[in-house]
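Its first residue numbered 90, the sequence shown is counted upward by one per residue in this note's numbering. From the three backbone atoms N, C-alpha and C, an ideal C-beta is built for every residue, glycine too.
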Amino acid sequence: MSAVAEILVVYYSRNGTTAQLARQVCRGVESVPGASAKLRSVPPVSAESERPVVASPDQGAPWATVEDLAACDGAILGSPVRFGNMAAPLKYFLDQTSGLWLRGALVDKPAAVFTSSQTMHGGQESTLLSMLTPLLHHGMVLAGIPFTQPELPATRSGGTPYGASHVTSASASGELTAEESQLARALGRRIATLAIALKAARAQ
Numbered sequence: 090m091s092a093v094a095e096i097l098v099v100y101y102s103r104n105g106t107t108a109q110l111a112r113q114v115c116r117g118v119e120s121v122p123g124a125s126a127k128l129r130s131v132p133p134v135s136a137e138s139e140r141p142v143v144a145s146p147d148q149g150a151p152w153a154t155v156e157d158l159a160a161c162d163g164a165i166l167g168s169p170v171r172f173g174n175m176a177a178p179l180k181y182f183l184d185q186t187s188g189l190w191l192r193g194a195l196v197d198k199p200a201a202v203f204t205s206s207q208t209m210h211g212g213q214e215s216t217l218l219s220m221l222t223p224l225l226h227h228g229m230v231l232a233g234i235p236f237t238q239p240e241l242p243a244t245r246s247g248g249t250p251y252g253a254s255h256v257t258s259a260s261a262s263g264e265l266t267a268e269e270s271q272l273a274r275a276l277g278r279r280i281a282t283l284a285i286a287l288k289a290a291r292a293q
């Protein structure tokens, strides 16, 4: 089935754990008939950040562009926790989207967020909320994970109603737990399903 809705999954990951979540989110998106995932990352920032520190990544997802965001039918953003806030590279990417705001390019598109932290009480929920704030300004339709998702009340590590998450110290290997993976996929499915429905409603 050809893609009806393209979901942009944009993340910053320094040590690879947020990237693990991003891949699970993409799996969730692509489990919905008619939806496709576009995986992108953002470069680290430096003291002078008029351009990426490196032109393109040696491995992993290509760098996201503002036009990737404009063209998508829905977006899911991810960042590690930085003192209860999103990491600077993702904030820098969002700070470049004022042109999209001026033309209302993201209004009524569904969006969600995900994060990772080293410890259980590392500030995951405040980080997720910090990522949702600029998306509200863009007029996006925000979605989290409802408690009807069975892994949410069962998880003993990551996973919140505000978005998918991972706690690195919760497993000896640092890999995602089964619940964290399921919740990340559930978030991807939810945004994909909403994007298809909202796109159809706009076309009528």
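- The Cβ atoms of S130 and W152 sit closer than 8 angstroms to each other.
- Under the three-state reduction of DSSP output, K180 falls in the helix class.
- In the structure shown, R192 falls within a coil segment according to DSSP collapsed to helix, strand and coil.
- Close CB contacts of E95 within its chain, under the 7 angstroms cut and outside five residues either way in sequence, are with S125, K127, C161, D162 (chain order).
- Going by C-alpha positions, S135 is about 22 angstroms away from S219.
- Judged by beta-carbon spacing, V196 lies beyond the 8 angstroms limit of L287, meaning their Cβ atoms are not closer than that value.
- At a Cβ-Cβ threshold of 8 angstroms, A176 and S187 do not count as neighbours.
- Between L265 and L158, the alpha-carbon positions lie close to 27 angstroms from each other.
- According to DSSP, residue pairing for Y100 in a beta bridge involves S130, G167.
- Following the DSSP letters along the chain, one finds P199 inside the beta strand (DSSP E) bounded by residues 199-206.
- When secondary structure is reduced to three states using DSSP, V155 falls in the helix class.
- Just so you know, the alpha carbons of P235 and A200 end up roughly 15 angstroms apart.
- Here the alpha carbons of S270 and L189 stand approximately 32 angstroms from one another.
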